[in-house]
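Engineer:
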Ligand SMILES: [Mg+2]
């Protein structure tokens, strides 16, 4: 077994089980898409400009610093609820099928951020503990939630390195094509690039 796989699977036998399960699922001629949240659908550039203190408190510490000052509700309202998101990727997504998958130290904060954006209301949100965990979580979602094999999976990500590293792993298990779109936002005005990698 490729040592890369060992990083993902709790038991080696899961790999075999996943492959066997995937072969029993119906194959549908349809795409399934997942989009990251931070810096893929939503840019924090403006927040960082408006609140210089956030830059001094990186990661989850920045928001925590603001929660302590303003409360979490006010923070989410001021910095998430009233922002209109760029449409180039959103308009390609189908909320009845596609999902938002986001990683973060605080699962509760990630959920609250996404749910504060009214334009993302209808999307299912999956939160993983880090970027790497998105790889097995994508496979689990297809096998156990979607429960069919789409002919293509499209990922939108500003940090696509794990999907690139594990592309073959995902394609082998799910017997489908993985298309990885690398994204660079231009604030919340639009995108500098959305390109296949
Ligand atoms: Mg991101």
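Numbering (the working numbering), first residue to last: 1148 to 1344. Cβ coordinates follow ideal geometry from the N, Cα and C atoms, glycine included.
Touch check for the region 1255-1267 and the region 1280-1287: three-plus C-beta pairs under 8 Å?
Structural biologist: No contact exists between the region 1255-1267 and the region 1280-1287.
Engineer: Straight-line CA distance for residue 1336 to residue 1248?
Structural biologist: C-alpha separation (whole angstroms): 22 Å.
Engineer: Could you spell out where the beta strand (DSSP E) holding residue 1330 opens and where it closes?
Structural biologist: Segment 1324-1333, the beta strand (DSSP E) holding residue 1330.
Engineer: By DSSP, does residue 1273 sit in helix, in strand, or in coil?
Structural biologist: Strand at residue 1273.
Engineer: Rounding to the nearest angstrom, what Cα-Cα distance links residue 1230 and residue 1158 in this structure?
Structural biologist: If I take the Cα positions, the gap works out to 43 Å.
Engineer: Can you tell me whether residue 1329 is buried or exposed, with buried defined as 16 or more other CB within 10 angstroms of its CB?
Structural biologist: Buried: at least 16 other Cβ atoms inside 10 Å.
Engineer: Who's in the neighbourhood of ligand 3, going by beta-carbon under 7 Å from any heavy atom, listed in chain order?
Structural biologist: Looking at this structure, you won't find ligand 3 anywhere; what it does contain is ligand 1.
Engineer: Helix, strand or coil: how does DSSP classify residue 1228 here?
Structural biologist: Correct three-state label for residue 1228: helix.
Engineer: Does the distance from the C-beta atom of residue 1296 to that of residue 1182 stay below 8 Å?
Structural biologist: Contact: no.
Engineer: Beta-carbon separation of residue 1281 and residue 1303 under 8 Å?
Structural biologist: Going by C-beta atoms, residue 1281 is not nearer than 8 Å to residue 1303.
Engineer: Please return the same chain residues whose Cβ sits closer than 8 Å to the Cβ of residue 1179, not counting the five positions on each side in sequence.
Structural biologist: Once the five neighbours on either side are set aside, the close Cβ partners of residue 1179 are 1244, 1245, 1289, 1293, 1297, 1299, 1300, 1301.
Engineer: Helix, strand or coil: which one does DSSP assign to residue 1289?
Structural biologist: Reduced to three states, the DSSP call for residue 1289 is helix.
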